[in-house]
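*Asks:*
Residue numbers (our numbering): 775 to 828.
#1: Between which two residues does the alpha helix (DSSP H) carrying residue 792 extend?
#2: Measuring from the CB of residue 789, is there a heavy atom of the ligand ADP at a distance below 6 Å?
#3: Could you give the residue range of the alpha helix (DSSP H) that holds residue 823?
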């Protein structure tokens, strides 16, 4: 299989469940700015998934 044929799956995709758990577990410790970063990231990922579904 050549580089052009390989599916490039970012390692981050595999860490999303762990990241979600950390956000849930440490929610009380997040600053307002950190919460906004999480919200923005969620929104961007959701938009990307929604565009793919069209």
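The C-beta atom is built at its ideal place from N, Cα and C for all residues, glycine as well.
*Replies:* This is what the structure gives:
#1: In the DSSP assignment, residue 792 falls within the unbroken alpha helix (DSSP H) covering 785-799.
#2: For the ligand ADP, the structure offers nothing, since it holds no ligand at all.
#3: Residue 823: member of the alpha helix (DSSP H) spanning 806-827, first to last residue.
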